[in-house]
Amino acid sequence: MLLLFMTIAVMHVRWSSTQSLSASLNPGCNNCSNISVVSVVFREQSSSVHFIVSITKENSVPSVFVSRSDSNSSVYFDWPSIFSNEPGQSVVLSNSSFYGLLFSNLYQYEDRSDVADISRAAGSVTKYPLNHCFWFLSRWDPLPDSTTGLLSLALRCNDSRPSVIFASKGFIELEFTFSEKDRLADRAPHTLLLGGLAVRVMVVLQRLALQWKETRWALNLAIVANRSLPDSAVFENVTLRSIDDEPSPGAFKDMTVFLTNHSYVTWKSVCYVDAAAANVKSSRAVAVSPQLCVDKGTNRSLIKSSLFPFVYGAVANTVAVRQVNVSFGDSGDGFYRSSNYIDWSFAFALNTPPPGYYSPLIWTMVVISIILISAAACLLVYLIGYHFITRGSDSLVRPLLEQVDDSNEQSV
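Per mature numbering (1 follows the signal peptide of the UniProt record, and there is no 0): the sequence shown = residues -18 to -1, 1 to 394.
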């Protein structure tokens, strides 16, 4: 309990009045009706952290980028170059390197063997490039909520061409949440959102059109870092196991991909199939494929339909891009048609992941276990000691067995 108290205290100390969190839409652009680039900035005395969430046009690949720079720095957008698709770096932040995540493709696959993993599925697979979606900025906050300290925005798509992805009232939503101070997430998984250093992304798939009775979905993510990486190499993967599943019911694994020593993507191995209640009953597993180099089609969509080329400019051997497929569901769960809903959350952040957090329930169980074990040990010591003490202090004189037998014979 003391460690939990100290963790909460440190969380509050990390935030001060000199820090600020804010967002602006298309900063410096006077005529940007067909583009949504949200710049989120966290400033403190020594540095600033910049997030860029973007859709460059209606049909584009959604993306989020993060970088750190000087305290008074700002991102410069060369809007004429961006609108004219001129090659070269058009998004500039001094003394910094950007790290990025792009939501490239969505896969619908026929899971005949019910393995819940697109890499092992035996049926057909349909690829939906997400730049076929008509994306729009459905909501955004210029300042954090005065009560929670959270700032959020969302990109949504509910129509697509030429592919038909949606059933009636169906949509895909990407929700991005930032915090001005360290804070546990309100919805499961209740992971720690680092103030000013991380964005929590929730992916929602609701009422999507199904081709097969055994339909499952997988999301293709492109991970980008401004560093060189041989084709045979991948970003570092780390999987940690935990005894605590309360932050994410049913999940005991934390998975992290390190883009560099000071940037990472991390998630719990769980998704949820109920929008109203994220709990053990509604939790399902998440399977993540090994990292691969991006295929030609995905690479083309990143270059032609996202902010990617404007952030990195010439990308020959100076930018590392890897893709992963995230499969949602458990064997025997009834496939996607049983719920018509999936949400999955992860964090994209700078620095290093926070130390493992144990919920109050786990700490209570640990304390109770220690008390019970200590009580049992004390009772055992008492019984052993009492046994030896009573044997040593017994002063009664008892006849030997032979003496008893002799006396019996004489009496006869």
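Just so you know, even glycine gets a beta-carbon here, dropped at the ideal spot from N, CA and C.
Keeping to the same chain, check which residues put their C-beta closer than 6 Å to that of S283; ignore five residues upstream and five downstream.
Taking C-beta separations shorter than 6 Å and ignoring five residues to either side along the sequence, the partners of S283 in its chain run V43, P111 and N113, following chain order.
Cutting at 6 Å between CB atoms, please list the residues of its own chain near L211, excluding the five before and the five after it.
Here the set comprises A302.
What are the start and end residues of the beta strand (DSSP E) that includes Y254?
Its beta strand (DSSP E) spans residues V252 to Y254.
Within 10 angstroms of the Cβ of S95, are there 16 or more other Cβ atoms? Answer buried if so, exposed if not.
Exposed is the label assigned to S95, since fewer than 16 other Cβ atoms lie within 10 Å of its Cβ.
Pop quiz: F80 and N208 are said to be a contact at Cβ under 8 Å. What is the actual Cβ separation, rounded to whole angstroms?
Yes, they are in contact, since the Cβ atoms of F80 and N208 sit about 6 Å apart, within 8 Å.
Identify the residues that DSSP records as bridge partners of S327: which are they?
In DSSP, S327 forms a bridge with M184.
Should C360 be labelled buried (16 or more other beta-carbon atoms within 10 Å of its own) or exposed?
With fewer than 16 Cβ atoms within 10 Å of its Cβ, C360 is classed as exposed.
Within the segment 109 to 178, note down every full beta strand (DSSP E) run reaching 3 residues or more, in order along the chain.
Listed in chain order, they are 115 to 122, 132 to 142 and 148 to 161.
Give the straight-line distance between the Cα atoms of D60 and S72, rounded to the nearest whole angstrom.
Spanning the two alpha carbons is a distance of roughly 5 Å.
Cutoff 7 Å; reference T(-1); Cβ partners in own chain excluding five residues on either side:
If we look at T(-1) and ignore the five residues flanking it on each side, its Cβ neighbours are E26 and Q27.
Suppose the cutoff is 7 Å on Cβ atoms and the five residues either side in sequence are ignored; what does the same chain contact list for C275 look like?
Closer than 7 Å at the Cβ level, and outside the excluded window around C275, lie D213 and R304.
Beta-carbon within less than 6 Å of L7's beta-carbon, same chain only, minus the 5 sequence neighbours each way: which residues are those?
For L7, same chain residues with a beta-carbon under 6 Å away, outside a window of 5 residues either side, are V20 in chain order.
Beta-carbon proximity of V107 to I154, cut-off 9 Å
Taking C-beta atoms as the reference points, V107 and I154 fail to come closer than 9 Å.
Does DSSP classify C275 as helix, strand or coil?
Three-state DSSP puts C275 in a strand.
Status (buried if at least 16 other CB within 10 Å, exposed otherwise) for I(-11)
Bear in mind that a pLDDT of 45 at I(-11), under 50, signals an unreliable position, so the model cannot answer this.
Cα-Cα separation between K39 and C14, rounded to whole angstroms
If you take the alpha carbons of K39 and C14, they lie about 10 Å apart.
Let me know if F85 comes out buried or exposed under the rule of 16 or more other beta-carbons within 10 Å of its beta-carbon.
Looking at its Cβ environment, which holds 16 or more other Cβ atoms inside 10 Å, F85 is buried.
V270 lies in the beta strand (DSSP E); which residues open and close that run?
Segment S265 to V270, the beta strand (DSSP E) holding V270.
Would you check if the distance between the CB atom of V146 and the CB atom of A191 is smaller than 9 Å?
Contact: yes.
For S288, which option in P69, T221 and M237 has the closest C-alpha, if you only look at C-alpha atoms?
Comparing alpha carbon positions, the residue from P69, T221 and M237 closest to S288 is P69.
Can you tell me which of the three DSSP states G10 falls into?
Note: G10 maps to coil in three-state DSSP.
Candidates S150, K109, A149 and A167: closest to S134 by CA position
Nearest of S150, K109, A149 and A167 to S134, Cα basis: A167.
Where does G367 sit, in a helix, a strand or coil, going by DSSP?
Helix at G367.
Could you give the distance in angstroms between the alpha-carbon of S4 and the alpha-carbon of K195?
S4 and K195: Cα-Cα distance of roughly 45 Å.
What separation, rounded to the nearest whole angstrom, lies between the Cα atoms of Y91 and I324?
Going from the Cα of Y91 to the Cα of I324 covers about 15 Å.
Shortest alpha-carbon distance to S66 belongs to which of S49, K286, W326 and S321?
Residue K286 is the option with its Cα nearest to S66.
With DSSP collapsed to three states, give me the class of V31.
The three-state reading of DSSP puts V31 in strand, counting E and B together.
Inter-residue spacing [alpha-carbon to alpha-carbon] between N243 and R121
Computed Cα separation, rounded: 33 Å.
How far does the alpha helix (DSSP H) with Y81 in it reach, from first residue to last?
First-last for Y81: Y81 to E92, but that is the beta strand (DSSP E), not the alpha helix (DSSP H).
What first and last residue would you give for the alpha helix (DSSP H) that runs through I64?
From DSSP, the alpha helix (DSSP H) with I64 extends over W61 to F65.
Applying the 10 Å Cβ sphere with the 16-neighbour rule, what's the burial state of E218?
Looking at its Cβ environment, which holds fewer than 16 other Cβ atoms inside 10 Å, E218 is exposed.
Within 9 Å, strictly: CB atoms of A269 and S309
For A269 and S309, yes; Cβs fall inside 9 Å.
Let me check understanding here. Comparing Cα to Cα, which of L179, S128, V57 and A260 lies closest to H172?
The residue with the shortest Cα to Cα distance from H172 is A260.
Mark I366 as exposed unless 16 or more other C-beta atoms lie within 10 angstroms of its C-beta, in which case mark it buried.
Exposed, since its Cβ has fewer than 16 Cβ neighbours within 10 Å.
Outcome for K278 when other beta-carbon atoms lying within 10 angstroms are tallied against a minimum of 16:
Burial call: exposed.
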